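Protein chains in written order, with my numbering: chain A, 1 to 255; chain B, 256 to 1212. Built from N, CA and C at the ideal position, the CB exists for glycine as well. The model shown is predicted, which means the values in this text are computed figures rather than measured ones. Down below is the structure, laid out as structure tokens.
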Amino acid sequence: MDAERTFAGCPRPRYIGGGQTILPALRQGHLEASDLIDLSELKDLRGVSVSEGTLSIGASETHAAIAADSTVRKAIPSLSELAVNIGDAQVRNRGTLGGAIAACEVSSDWSAALLGLDGAVHAGGEKLPIDHYIDSKEAASRHVIQRLTFQIPYDAVYLKHANAASGHAIVGLFAARLPSGVRVSLTGIGHRPWRWQDLEKALDRHFHANSIDECPLSVEGVLDDQHASAQYRTALIITLARRAVERLVGQTESH
Amino acid sequence: MAQSHDQEIVSLTVNGKAVEVVCDPRDTLLSVLRERIGLTSVREGCLSAQCGNCIARLDGQTVKTCSILAAQAQKSSVVTIEGLAGDNIYAALSAGFKAEHGLQCGYCTPGVLMNVHELLSEGRVPDQDEVRRRLRGNLCRCTGYENIVRSVIHAAKILASDALGEAGDDVVNERYGIGVSLERVEDSRLLAGQGRFTDDSAHRDQLHAVFVRSSIAFGDIEELDCSRAMAVQGVRAVFTAQHLARDSLGTPACSWNVMDVSGEAMRAVSRPLLATGSVHYVGQPIAMVIADTRAVAERAARQVNVRYQARVSNVDPARAESCEPMHEGLNRNIAFHWQIGDLASVESARDAARHSVTLALKNNRVTAAPMETRAANGQFDKSSGRFTLRVTTQNPHIVRRVLSEEVGLAPESRIDVISEDVGGSFGSKIFVYGEECLVLWAARELGSAVKWRATRREAFAADVHGRDHVTQASLILDDEGVFQAVEVKTIANLGAFLSPFGSLVPTFNYGMMLVGPYTIPSFFCDVKGVYTNTSPVDAYRGAGRPEATFVLESLIDQAAKELGLDAAEIRRRNLIPKEQIPYQPPNGLVYDSGDFLAHFEKALAHSGYEGFMARRRESEGAGKRRGIGLANYVEACGIGPSAIAGVLGAEYGLWEAATLRFTPTGTLEILTGSHAHGQGHETTFAQIAHEELGVAFENIVVVHGDTRRTPVGMGSYGSRSLVVGGSAVIVAARKLVEKGRTIAAYMLDCHASALNFEHGVYRNAESQQHVGLEDVILAAYAPHDYPEDLEPGMEATSFYDPVNFTYPSGTHVCEVEIDIDTGRVQVTSYTAVDDFGVVVNPAIVDGQLHGGIAQGIGQALREEVRYDPNSGELITDSFWNYAMPRAENLPSFNVSRTETHCLHNPVGAKGCGESGAIAAPPAVINAIANAIGCRVDMPATPERVWRAIRANEENLS
């Protein structure tokens, strides 16, 4: 791919999609780059499709396009809801799914969704689960993210307690009932999204908010920073988990 | 696909025209639109995709142009406000924003319009919630969003009803005088993006300045090496304190001298223009880099090498006294220890009374954060020796005086200061900062115009901040809950240097207001103003009065709780009754007018105070807590009588000037020394002149913000514009009426005393002979047949010096609902009833209130300037971490008024600019305390509230 060849020839290159994360970060001096390689014109990074229980979204699709996309809404309505609550209208018009995953900020909404929906990053001809993508990020960042795939759940919900200034998740929780079982993923609470596997197992046994009580959560390892203490984040996780499960149970009952 | 660092050509279609621009690949679309193409409606407010001032349409979709590279927009189509002339949605929006007073300073307005234009293009009438959500991408500091939301819905309804035909036409009013919510004269140009803000100015020989600032809180500069910066291509100069010393430039000093309890003068340390030897806070300017472009200056500034020997810093006012002195020649970090009131009578009240309620309170450090950051553009004309400074200021004449008298640039008469449109101020642009002085000085040094504009990060670091008090306060009451005395001890953070009003704000502006609108016989206040390694603290909307009101209204709620009284009942028992007005509280002031119980009872009725318990039960049913909070205030504003100010330590007088000049054809120019930065003086000052003189409203033009044209004036702050500056307009108008009466009497051959003047006509009541003002003016300018002892011409000036402050008062009621599990506070309703005396333009007054309330709610719930307690680094350096109020965080405000007239100014008005910011913080915090049963420090963030709920439950169990 041309973009990747160009990338290899630059000293400290970065890909740029919509630029909504990278440009403010460069401006504020949080990032440096010798060269920016613009991916927004690449046609093969676009498109939304469903096949065999999987939703595929091209990396260059913007949050606004995803929020408005009928295929997405039909397959995984919680993703539409997630997309429409990112940033503001202008950021959604410009920011892309691939850019959000590549930036993979602590509080990325999309990484919670990707992890919660047993999703994968398609880059450099490989299909990497988000966990593996993050682990190999140094190496993976050479590759252009082409598309992201999500398992289509029976139902799912994303809840976020947003930072008052930035709107980013102080805690974001994605809960999904997939054919393979329940998944609960978290964002904002550490340097990577995180699965709450104890709760997943408990919910697999009994899908009820009370199952959360069986899953003690340790404050250890939960992010503690200027925006929120670990103790508060931990309490938020439990609150959001309860609300997410109650919402899903309520939806089931109303059907 | 890779971009080299060479220049490249970007082809765009901008507002329908093909444009090719040679640019650096690092240039943003914002900088290309604004600086290369000259579309000044596209504005920089944050450079971090937060504020929305730079919104434009790119290939059919709105985007934030600060976060797009120009190169990414190659071959794209861009539309800005300038390209929307003739567009029907824009026309509807324009009509809606005028009708609903949806803009004040107008700086954020083009970005707001571009955003909501996209929303309305969907062809629906959105509801309030949808508009508020949509406005997530825009920050506005003036309007509190209330009228923006109404304007958008108004515009949508125009579009839906297809009633646009009329919208473009001027609205015809039946009356233009006092009391009419006229559409503002300012709005047409601001809505078209044609405001004339400082940074919009550009000269042919324009150079750009960027400041190198301290990255540490406290230390000595061991090495300052500018050689690498000097070597950057395009750099014209790098100046440091050494260069300034050669010209022996002075520095703006504190202009309010307060006495220490010791009887000595305060220990004022002024900020040097550029750091000399040591730095005292993060953001203090060290060097000025000047280059051909701002981008080059920024890159060069990063090449200036500063090596520091760091010293142990302190940002905590409570610790300042025990820290090593941070300024040479001071043995303690205390600028002044000041007291007011009668301690002996407070102590005897304490001995006699049954109850003493005590609270430890903090008033959080906040920043004004106007959407337009500070900017200056300096010019020097060598042939005439004149300096011209375009600058973001609230008081151009004071800037001129400081530049001459304190900085020593030139005689005052050789300096012109111009500030046309200013994008919000809220106090932060009163002061003369070093940057603008240096820009002007550098213009002379380099023989070219030099411009500087603060980045948002600089604004956070280097604008003055507000509040930052640590207080111990008690209220003494008898068994019936009747207040006997207030005693307050405060440590006020002044920052690293004493700012021009830094000494006034936490002393007289604060201490004198601690008795509020209540019959409190005794009070005592002790304030220590301390130095810390933080940006200087000075006036921010309210300036001392919000801090005082917060203390008193917090104490009252705590007292109600401890005595088992209802929060409304305890206030009702203590408010000064109407019969006792004029009232002389123990602070030495005289409340000349007011009916505090009237607005109090009205606010209770409007807020549904009686029915609150039912709403609380409903919330509890949904697992939430609900609270209602009250705050009363009275404040002394409309500063002020020069004689009193002088006694209190002011170096300046506080009058205001207006010149009214009739032209020979009968049109009127009002030249005011006051200044507007969103308050709409071009409209209101014309309204009062129209009321006095009967001149057609459209023939009146108001000029402000230009020392070349206006009389020497004192500018706008302390809610003084209308009550002092507007009074000057009236007094000058009345001088003209009298002069005209003499001319008319001569023309009608009668005694002047026989003539009445009404609606622009002099009439002899007996003979019914009359002559119009226009004919009188014509005679004054063609004095062929004219009174012998009268000068020709029709022009009059008034220097109006008030005899007292004005005392607006009000009652604000806030209702909140709290999510127990997350601590999130939602303000569900906000009711304000205020007494501003005579109201000239109700829509503008409501707008002032909305903006102040939003700032007050912001301070109560969200905003705080934070420094790292150990390193002294500034944590809140952008809108990503300083939580500004946004439309979706605020309720719709329910504001109304009662009216008792100010008795001593000819308008009958009282200042209204600061009331919202004064009353809202205690109203919000009292509502939270009412909901959860305990008090929470500001800002009451979700985590703080969550912790308070838990701590309170543990205490109770």
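Can you tell me which residues form a DSSP beta bridge with ASN1019 (chain B)?
B:LEU1010
Original post:
Would you say SER60 (chain A) faces chain B, with C-beta separation under 9 angstroms as the test?
Top reply: no
Review point. Around the C-beta of HIS63 (chain A), are 16 or more other C-beta atoms found within 10 angstroms, so that it is buried, or is it exposed?
Key: buried
Got a sec, what are the start and stop residues for the alpha helix (DSSP H) PHE867 (chain B) sits in? 867 to 876
- Task: Using 10 angstroms around the beta-carbon of PRO11 (chain A), count the other beta-carbons present and answer buried if the total reaches 16, otherwise exposed.
- Result: exposed
Next on the checklist: Between the alpha carbons of GLY633 (chain B) and TYR786 (chain B), how many angstroms are there, rounded?
Outcome noted: 32 angstroms
**OP:** Assign MET868 (chain B) to buried or exposed, taking buried as 16 or more other Cβ atoms, counted over all protein chains shown, within 10 Å of its Cβ.
**Re:** exposed
Determine, using beta carbons only, whether LYS319 (chain B) comes closer than 9 angstroms to chain A. yes
Looking at chain B, is there any beta carbon in it that lies within less than 9 angstroms of the beta carbon of ARG27 (chain A)? yes
TODO: Throw me the rounded Cβ distance for the THR364 (chain B) and LEU414 (chain B) pair, which I believe falls under 8 angstroms.
DONE: No, THR364 (chain B) and LEU414 (chain B) are not in contact; Cβ-Cβ is about 19 angstroms, not under 8 angstroms.
- Item | Residue ranges of each beta strand (DSSP E) within the segment 585 to 646 of chain B, 3 or longer | 589 to 596, 610 to 618, 630 to 636 and 641 to 646
- Task: Check whether the Cβ of PRO153 (chain A) lies closer than 9 angstroms to any Cβ atom in chain B.
- Result: no
Exercise for the section: Taking 8 angstroms as the threshold, find out whether the segment 623 to 631 of chain B comes into contact with the segment 646 to 656 of chain B through three or more Cβ pairs. Expected result: yes
Check: Closer than 8 angstroms: is that where the CB of ARG641 (chain B) sits relative to any heavy atom of the ligand GTP?
Finding: No copy of the ligand GTP appears in this structure; indeed no ligand is present at all.
Endpoints, the beta strand (DSSP E) within which GLY1065 (chain B) is located:
1064 to 1074
(Q) With three or more beta-carbon pairs closer than 8 angstroms as the criterion, would you say the segment 1145 to 1154 of chain B touches the segment 1069 to 1086 of chain B? (A) yes
Review point. Out of curiosity, what's the CA-to-CA distance linking ARG483 (chain B) and ILE323 (chain B)?
Key: 30 angstroms
- Query: Can you name the residues of chain A whose CB is closer than 8 angstroms to the CB of ASN370 (chain B)?
  - Reply: ALA89 and GLN90
Q) Would you report the Cα separation of SER790 (chain B) and THR234 (chain A), rounded to the nearest angstrom? A) 35 angstroms
| task | Provide the residue span of the beta strand (DSSP E) that contains ASN560 (chain B), from first to last. | result | 560 to 565
Practice item. Could you name the residues of the same chain whose beta carbon sits closer than 8 angstroms to that of SER862 (chain B), not counting the 5 residues immediately before and after it, in chain order? Key: ILE883, VAL1068, GLU1070, SER1084, THR1086 and ASN1149
Examine chain B for any beta-carbon lying closer than 9 angstroms to the beta-carbon of PRO129 (chain A), and answer yes or no.
-> no
Legend entry - Contacting positions in the segment 18 to 46 of chain A - beta carbon closer than 7 angstroms to chain B: GLY19, GLN20, LEU23, PRO24, ARG27, GLN28, ASP35, LEU36, ILE37, ASP38 and SER40
Is it buried or exposed, ILE264 (chain B), if we count other Cβ atoms within 10 angstroms and call 16 or more buried?
exposed
> Which two residues bound the contiguous beta strand (DSSP E) that contains CYS692 (chain B)?
Replying inline: It is not in any beta strand (DSSP E) - CYS692 (chain B) instead sits in the alpha helix (DSSP H) that spans 689 to 701.
Check your understanding: How is GLU478 (chain B) classed by DSSP in three states: helix, strand or coil?
Key -> strand
* To do: Could you confirm whether any beta carbon from chain B is found closer than 9 angstroms to the beta carbon of ALA83 (chain A)?
  => no
Could you tell me whether any Cβ in chain A is nearer than 9 angstroms to the Cβ of THR962 (chain B)? no
Inset, instruction - Determine whether the Cβ of GLY392 (chain B) lies closer than 9 angstroms to any Cβ atom of chain A. - result: yes
* Asked: Mind pulling the chain B residues with CB within less than 7 angstroms of THR239 (chain A)?
  -> ASP1076 and THR1077
Inset, instruction - Express the C-alpha separation of ALA169 (chain A) and ARG291 (chain B) in angstroms, rounding to a whole number. - result: 38 angstroms
Practice problem: Report buried or exposed for GLU478 (chain B), applying the criterion of at least 16 other Cβ atoms within 10 angstroms of its Cβ. | Solution: exposed
### Query
On the three-state DSSP scale, how would you describe ALA362 (chain B)?
Note that residue 362 (chain B) is Tyr in the sequence shown, not Ala. TYR362 (chain B): coil per DSSP, three-state reduction.
Handout entry: Contact set for VAL1094 (chain B): own chain, Cβ-Cβ below 6 angstroms, skip 5 residues either direction
Key = VAL1100
Assuming the contact rule is C-beta atoms closer than 8 angstroms, ASN93 (chain A) and THR317 (chain B) should be a hit. Round their C-beta distance to whole Å, please.
6 angstroms
Q. Is ARG298 (chain B) buried or exposed, if buried means 16 or more other CB atoms sit within 10 Å of its CB?
A. buried
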